[in-house]
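In the numbering used here, the protein residues as written are 92 to 622.
Backbone N, C-alpha and C fix where the C-beta goes; we use that ideal spot for every residue, glycine too.
Reviewing the structure listed below.
Here you go:
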């Protein structure tokens, strides 16, 4: 993959159309050309530019960033259906057709990384040899029958190796034995087969989903994941490919006395969340970093070092990478409701804390400093609740806690922070979190105890939810929109990732006129992250 094509109002002239034989019948893409002109992109651009015009934001435009249009998907979740009649009919893999559970095969999908298409062919072939059966839903509440429900495939970009997850209609590994293990062994044998495209197998996981109904692909039980073969984690880093230079330049480049960035190793398993298009997501991370540098340059942030509270943080992809791009951070408090992300965060944090063979990095406007304690800048701005840090990870400057965003905030995760980074699921922040962000506590500096000079960077994977959340943040008169931009992470779909910078403390009466105040909708927790 090469550098992405960036632009503003006009369509990206260098963007390659998607030339896929499945386009007419497949529901996965709605457009194969003019990929930056789909309705979601145009609506996001119009909304953000109008709000920036009202507020007098620092950056008035709304640039749209579009990278590679083919081969970008390095994480796929595919449905399974019977491949043919009889015990050796095997399975076929694909996407559900719109409005049904009919599976449409996409063996030569152009947005898939080639390794995904290769391993799909291998699974299909192996299933016939071994006699794997596809799971079929039961009726009237009865349990279904069959074995394989879904398949997940994750590509480790720098090695091109694939990690396969087999979602099985079983509750124990004994129930899945020996068929699941035989399938894993056959996939290892087929790595270099002569009758089809070769691939490199990283690992095979078994997920015990059970035979019950429902649309959820995975069980929420972290013990449902069992490693059958290979390493525990796929390793990624924005240091390993072309993105590092673009990330660094986008974040402001090297200043006087600054060295080139040292970005962390990131660790992913199929049990945790990972972006499907990491190449393009590097641009989102760069946008967050550049907005924090902009905030320093404009005086929105006055302290030498950043104290970052990251909510909905997954395994810390954004926050940990910020430590290399705009750090070292004084501290990072990361939280996510999925407990399986803890081990991934711990491994990345250990990588960042490893002894350095070279001179320490000199980045930012201050030194690394001490641990700073659990409260504010060494304690003077209060402290987090004892509940925060009880079940997660806390070492030196970096912490991760298995909490949803609301619980993290009420337990003090944001106390003393001067930068909030939120990356909520498609449903947005949720009313409980919005209420906390749009109220001030007389005993604290700002909402949730943030520093009086604070910025909020919102990374949205659902534009409609972002629109509602942005209006409520602005309408509270506590948050001021300074900049925003769009990133197309799923070329071909009607989707845009919006990144926006809000500054705390500047009242904006004009922008809030007529806007609905927080708390006017039903309190509902956000759910269903994209990707």
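Worksheet item: Comparing alpha-carbon positions, which option in 122, 325, 263 and 252 lies nearest residue 289?
Response: Nearest neighbour of residue 289 by Cα position, chosen from 122, 325, 263 and 252, turns out to be 252.
Practice prompt. Please report the Cβ distance between residue 368 and residue 580, rounded to the nearest whole angstrom; I am assuming they are in contact, meaning their Cβ atoms lie under 8 Å.
Written response: 5 Å
Item to complete: Could you tell me which of 431, 381 and 388 sits nearest to residue 623, measuring between CA atoms?
Response: With the chain running from 92 to 622 in the structure shown, residue 623 is simply not present.
Worksheet item: Which residues share a DSSP beta bridge with residue 423?
Response: 399 and 489, per the DSSP bridge assignment.
Worksheet item: Around the Cβ of residue 311, are there at least 16 other Cβ atoms within 10 angstroms (buried) or fewer (exposed)?
Response: exposed
Discussion item. So, with DSSP's three-state summary, where would you put residue 111?
Written reply: coil
Worksheet item: Is there contact here, the segment 399-414 with the segment 568-578, by at least three beta-carbon pairs under 8 Å?
Response: no
Worksheet item: residue 150 to residue 573, Cα distance in whole Å?
Response: 6 Å
Worksheet item: When you compare each of 422, 400 and 487 to residue 441 by their alpha carbons, which one comes out closest?
Response: 487
Worksheet entry | Sequence-distant residues of the same chain with beta carbon closer than 6 Å to residue 207, five excluded per side | 167 and 244
Worksheet entry | residue 513 beta carbon near the ligand ZN (any heavy atom closer than 7 Å) | No copy of the ligand ZN occurs in the structure displayed, which carries no ligand at all.
Worksheet item: In the DSSP assignment, what residue or residues form a beta bridge with residue 169?
Response: 242
Worksheet entry | Whether residue 520 touches residue 541 by CB criterion (8 Å) | no
Discussion item. Could you compute how far the alpha carbon of residue 632 sits from the alpha carbon of residue 250?
Written reply: Nothing about residue 632 can be reported from this structure: the residues present for the chain run from 92 to 622 only.
Practice prompt. Please classify residue 326: is it buried, with 16 or more other beta-carbons within 10 angstroms of its beta-carbon, or exposed?
Written response: buried
Practice prompt. Grab the span of the alpha helix (DSSP H) containing residue 215 for me, first residue to last.
Written response: 205-221
Item to complete: Tell me whether residue 199 is buried or exposed, calling it buried when 16 or more other Cβ atoms sit within 10 Å of its Cβ.
Response: Label assigned to residue 199: exposed.
Worksheet item: Taking the C-alpha atoms as reference points, what is the distance between residue 455 and residue 397?
Response: Model confidence at residue 455 stands at a pLDDT of 30, short of 50, so the residue's coordinates are unreliable; what they give is reported in the following sentence. In a straight line, the C-alpha of residue 455 is about 9 Å away from that of residue 397.
Practice prompt. Give, in chain order, every unbroken run of the beta strand (DSSP E) that is at least 3 residues long and sits entirely within the segment 532-586.
Written response: 546-551 and 570-579
Item to complete: Going by DSSP, name the residue or residues bridged to residue 375.
Response: Residue 375 is not bridged to any residue.
Discussion item. I'd like to confirm the pairing. Which residues does DSSP put opposite residue 443 in its beta bridges?
Written reply: Answer by DSSP bridge pairing: none, since residue 443 is not bridged.
Worksheet entry | residue 286 classed as buried or exposed, judged by whether at least 16 other C-beta atoms fall within 10 angstroms | exposed
Item to complete: Can you give me the Cβ contacts of residue 228 inside the same chain, cut-off strictly under 8 Å, excluding the 5 residues immediately before and after it?
Response: 192, 235 and 304
Item to complete: Quick one: give me the first and last residue of the beta strand (DSSP E) that residue 412 is part of.
Response: Looking at the DSSP string, residue 412 is not in any beta strand (DSSP E); the run it does join, the alpha helix (DSSP H), is 408-416.
Worksheet item: Where residue 439 and residue 358 are concerned, what is the direct C-alpha to C-alpha distance, given to the nearest angstrom?
Response: Distance between the alpha carbons of residue 439 and residue 358: 7 Å.
Discussion item. Quick check on DSSP: helix, strand or coil for residue 138?
Written reply: helix
Fill in: residue 110 classed as buried or exposed, judged by whether at least 16 other C-beta atoms fall within 10 angstroms
Classification for residue 110: exposed.
Fill in: Cβ contact check for the segment 117-128 and the segment 558-574: 3 or more pairs under 8 Å
With a cut-off of 8 Å on Cβ pairs, the segment 117-128 is not in contact with the segment 558-574, counting fewer than three such pairs.
Discussion item. Here's the rule I'm using: 16 or more other beta-carbon atoms within 10 Å means buried, otherwise exposed. How should residue 255 be labelled?
Written reply: buried
Worksheet item: Using the rule of at least 16 other Cβ atoms within 10 Å of the residue's Cβ for burial, across every protein chain shown, is residue 434 buried or exposed?
Response: buried
Fill in: Residue closest to residue 550, alpha-carbon to alpha-carbon, out of 222, 366, 265 and 246
366
Worksheet entry | Contact set for residue 189: own chain, Cβ-Cβ below 8 Å, skip 5 residues either direction | Once the five neighbours on either side are set aside, the close Cβ partners of residue 189 are 118.
Discussion item. Let's test the definition: count the other Cβ atoms within 10 Å of the Cβ of residue 395 and tell me whether it reaches 16, buried, or not, exposed.
Written reply: exposed
Practice prompt. Could you tell me the distance, in whole angstroms, from the CA atom of residue 113 to the CA atom of residue 364?
Written response: Spanning the two alpha carbons is a distance of roughly 27 Å.
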